[in-house]
Amino acid sequence: MTSAVHATEDLLFSVLLQLIIMIGAARAMNVVARKLGQPGAIGEILAGLMLGPSLLGALAPDLSLALFGAKPQPAVTVISQIGLTLLMFQIGADFEFAHLSDKRHRRGMAAIALASIGVPFGLGLAIGLWSAPTLAPGISPLLYSLFVGNALAITALPILGRILAQFGLTDRPLGVVAIAAAAANDVAGWVLLAAISALAAARFSGEALALQMAGLAGLMLLSRFVLAPLAARLVKLFPVQNSQLDPSLVAVVICLIFALAISTYSLGIFAIFGGFLAGLLFHRHQGFVAAWKHQVGQFVLVFFLPVFFAFTGLRTNLLGLGVSDLGWLAVILVAAIAGKVVPVYFASRWTGYTPAESGVLASLMNTRALMELIVLNIGYDLGVLPRPVFTMLVVMAVITTVMTGPLLRWLLPKTGHVIPQGIEA
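Start counting the sequence shown at 1; every next residue gets the next number (my numbering).
Set out below in structure tokens:
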């Protein structure tokens, strides 16, 4: 019994120490990134990479091994996945579908969304099929290529929202069009990701895949006709008071999030999809969403999100890429950037935007960051993305997001938009 207690205490000590390092490093880099005019999440992603084999593991391998072990602790892995499920709830609740029905922006949004999904997905699929024999031997070329295509097509809605707020674009036509197109992009991306994950989990069994799809359809119907009205009744039964949520409501919502996560996991889809689905149940209730973000969301962003970024960083070894890998990395970067920027620019011009406005929209849609990392971790966990490809795509996610700020500082003044103080520096 004594040895069991000591083992538990040793595990607790190890996990607490890792959490201190992860959260502290993420917050410090968050501050640095914001001072440089970048979204704070970029700093947190970089902090995760610095804690992994790309920096700490290379400079002080013994210290890295002592702190984090050869691979992430099971406890840290579970914490990161719980945090990601809660974050996906917040992303689902934040979806503003009203933008998608705005007549003023519908035409531009539709053209931009189609261009930002179709072209990069096609390029990613082609690169996947081309590189599969070299980079992913022994992995289904179709699944690998589909994941690469989805990785190039995704746009990071949460980070995009923060960038729009930083640059004062949330209530401007360009910002509305961009966020609406990104929402449509993400919906398509998540549907595609769920289908690819189901295909991978079903192991190419037509019967299993059909049952899986039927189960998902049933869950969607249950959510729409039973759980959505239940969510409305809960919000009415426990109204928000003084911007605070009733503790009983918080408890019920958390249980609902985890129950839906269990449901999607049981259907062979990752648990985080259940969190996203739960968020969609509450997106109409703006008072609840605002209070949740203030009361619960801050803790998720400060505690859980850095753990996920560190978890990703521990899997990413930039120094593990060989010379031949750098060539493939260059191909992926060119395809990812050109595949977003060029088609979105021309789609914007076709729908009546000026060259500068089209450049702004193209730059915004090139943002990937968090959503990209979620997609990549799913592909890695399914065994569809080999580690070198996972690393290349992480690098692509960081570079395409870091590009956005400087491009906006250059392009926005050409549109007549005045950048808020503190962003220009």
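For each residue, glycine too, the CB sits at the ideal point set by N, CA and C.
Which of the three DSSP states, helix, strand or coil, is assigned to A73?
Locating residue 73 in the sequence shown gives position 73, counting from the first residue. The sequence as given places Gln at residue 73; Ala does not occur at that position. Coil at Q73, not helix or strand.
Anyone know if the C-beta pair for G275 and F89 falls short of 7 Å?
On the sequence shown, position 275 is the one that residue 275 refers to. On the sequence shown, position 89 is the one that residue 89 refers to. Result yes, Cβ atoms of G275 and F89 sit closer than 7 Å.
Between the region 174-189 and the region 111-123, can you find at least three pairs of beta-carbon atoms closer than 8 Å?
Yes, they touch.
What's the C-alpha gap between W410 and A217?
To locate residue 410, count along the sequence shown from 1; it is residue 410. To locate residue 217, count along the sequence shown from 1; it is residue 217. About 46 Å.
Please confirm if the region 355-371 is in contact with the region 147-163, defined as three or more CB-CB distances below 8 Å between the two stretches.
Short answer: they touch.
Taking the alpha carbon of L86 as the reference point, which residue from A397, C255, S263 and M109 has its own alpha carbon closest?
Residue mapping note: residue 86 aligns to position 86 of the sequence shown, counting from 1. The shortest C-alpha separation from L86 is found at C255.
Just reading off the alpha helix (DSSP H) that T264 is part of, what are its end residues?
Within the sequence shown, residue 264 is the residue found at index 264, counting from 1. It spans P247 to S266 - the alpha helix (DSSP H) in which T264 sits, taken as one unbroken run.
Relative to the ligand GDP, is the shortest distance from any of its heavy atoms to the C-beta of E372 smaller than 6 Å?
Summarising the ligand content, the structure contains no ligands, and the ligand GDP is consequently not present.
Can you have a look at E438 and say buried or exposed, based on whether 16 or more other CB atoms are within 10 angstroms of its CB?
Any answer about residue 438 is impossible in this case: the structure gives the chain only from 1 up to 425.
So is N317 buried or exposed if we call it buried at 16+ other beta carbons inside 10 Å?
Numbered from its first residue, the sequence shown carries residue 317 at position 317. When all chains shown are included, N317 counts as buried.
Would you say G37 and G313 are within 7 Å of each other, going by their C-beta atoms?
Stepping through the sequence shown from its first residue, residue 37 is reached at position 37. Stepping through the sequence shown from its first residue, residue 313 is reached at position 313. Contact: no.
With a threshold of 16 other CB atoms inside 10 Å of the CB of P72, please say whether the residue is buried or exposed.
Position 72 of the sequence shown, counting from 1, holds the residue named residue 72. It is buried - the Cβ of P72 has at least 16 other Cβ atoms within 10 Å.
The alpha helix (DSSP H) that contains Q286, what's its start and end?
Here residue 286 refers to the residue found at position 286 of the sequence shown. Here the alpha helix (DSSP H) through Q286 covers Q286 to W292.
Leaving aside the five residues before and after I23 along the sequence, list all residues of the same chain whose C-beta is less than 8 Å from its C-beta, in chain order.
Numbered from its first residue, the sequence shown carries residue 23 at position 23. V302, F303, P306 and V307, listed in sequence order.
Can you tell me where the alpha helix (DSSP H) holding R387 begins and where it ends?
Locating residue 387 in the sequence shown gives position 387, counting from the first residue. It spans R387 to V402 - the alpha helix (DSSP H) in which R387 sits, taken as one unbroken run.
Please report the residue range of the alpha helix (DSSP H) in which R172 lies.
For the purposes of this step, residue 172 is taken as the residue at position 172 of the sequence shown. Element bounds for R172: n/a, residue is neither H nor E.
Under the assumption that A47 contacts A26 (Cβ atoms under 8 Å), give the Cβ distance between them as a whole number of angstroms.
Translated into the one-based positions of the sequence shown, residue 47 becomes position 47. Translated into the one-based positions of the sequence shown, residue 26 becomes position 26. Right, their Cβ atoms sit about 5 Å apart.
Skipping 5 residues on each side, what residues in its chain have a beta carbon closer than 7 Å to that of M220?
Position 220 of the sequence shown holds residue 220. Hits under 7 Å: none found.
For my contact list, I91 and G279 are in at a C-beta cut-off of 8 Å; report their separation, rounded to the angstrom.
For the purposes of this step, residue 91 is taken as residue 91 along the sequence shown, with counting starting at 1. For the purposes of this step, residue 279 is taken as residue 279 along the sequence shown, with counting starting at 1. About 6 Å separates the two Cβ atoms, so the contact holds.
In the structure shown, what three-state DSSP assignment does Q90 receive?
For the purposes of this step, residue 90 is taken as residue 90 along the sequence shown, with counting starting at 1. Q90 falls in the helix class under three-state DSSP.
Excluding sequence positions up to five away, which residues of its chain have a Cβ less than 8 Å from the Cβ of T415?
Counted from its first residue, the sequence shown places residue 415 at position 415. Counting only Cβ-Cβ distances below 8 Å, and skipping sequence neighbours, we find L174, T354, A356, E357 and V360.
Please report the distance separating the alpha-carbon of M403 from that of S363.
Your numbering for residue 403 matches position 403 in the sequence shown. Your numbering for residue 363 matches position 363 in the sequence shown. The alpha-carbon atoms of M403 and S363 are separated by roughly 8 Å.
Can you round the beta-carbon distance between G128 and G149 to whole angstroms, since I take them to be within the 8 Å contact cut?
Numbered from 1 along the sequence shown, position 128 holds the residue referred to as residue 128. Numbered from 1 along the sequence shown, position 149 holds the residue referred to as residue 149. G128 to G149, Cβ: 6 Å. Contact.
Can you grab the Cα-Cα spacing for the pair V300 / V341, in whole Å?
Position 300 of the sequence shown, counted from the first residue, corresponds to residue 300. Position 341 of the sequence shown, counted from the first residue, corresponds to residue 341. Taking the straight line from one Cα to the other gives about 32 Å.
From this set, H283, A181, V334 and L160, which residue's C-alpha is nearest G408's C-alpha?
Taking the sequence shown and counting its residues from 1, the one referred to as residue 408 is at position 408. As written in the sequence, residue 408 is Leu, which differs from the Gly given in the question. The shortest Cα separation from L408 among H283, A181, V334 and L160 belongs to L160.
In its own chain, which residues sit with a C-beta less than 7 Å from the C-beta of T400, not counting the 5 before and 5 after it?
Sequence index remark: in the sequence shown, residue 400 carries index 400 (1-based). A336, I337, N366, T367 and R368, listed in sequence order.
What residues match up with Q241 in a beta bridge as DSSP calls it?
As a working mapping, residue 241 is identified with position 241 in the sequence shown. Per DSSP, Q244.
Which value, in whole angstroms, describes the spacing of the CA atoms of F225 and A231?
Taking the sequence shown and counting its residues from 1, one reaches residue 225 at position 225. Taking the sequence shown and counting its residues from 1, one reaches residue 231 at position 231. Cα to Cα, F225 sits roughly 11 Å from A231.
For the alpha helix (DSSP H) containing L277, list its first residue and its last residue.
Sequence index remark: in the sequence shown, residue 277 carries index 277 (1-based). Where L277 is concerned, the enclosing alpha helix (DSSP H) stretches over I272 to F282.
Would you mind listing the alpha helix (DSSP H) stretches within the region 346-384 that are 4+ residues and don't spill past its ends, in chain order?
For the region 346-384, whole alpha helix (DSSP H) runs of length 4 or above, ordered along the chain, are 355-365 and 369-381.
So which of V418, A290, P420 and F390 has the shortest CA-CA distance to G320?
Here residue 320 refers to the residue found at position 320 when the sequence shown is read from its first residue. Nearest C-alpha to G320: F390.
Using a 10 Å radius around the Cβ and a threshold of 16 neighbouring Cβ atoms, would you call F270 buried or exposed?
What you label residue 270 is simply residue 270 of the sequence shown in a count that begins at 1. It counts as buried.
Report all residues from its chain with a CB closer than 8 Å to the CB of S248; omit the five preceding and five following residues, and keep chain order.
Counted from its first residue, the sequence shown places residue 248 at position 248. Within the same chain, S248 has close Cβ partners F238.
Kindly indicate which residue of T264, A28, L142 and L193 has the alpha-carbon position closest to the one of A214.
As a position in the sequence shown, residue 214 is number 214, starting the count at 1. Selected option, being the one with the closest Cα: T264.
Tell me which residues share the same chain as I332 and place their Cβ nearer than 6 Å to its Cβ, disregarding the 5 neighbours each side in the sequence.
Residue numbering aside, residue 332 sits at position 332 when the sequence shown is read from its first letter. Within the same chain, I332 has close Cβ partners M392 and M396.
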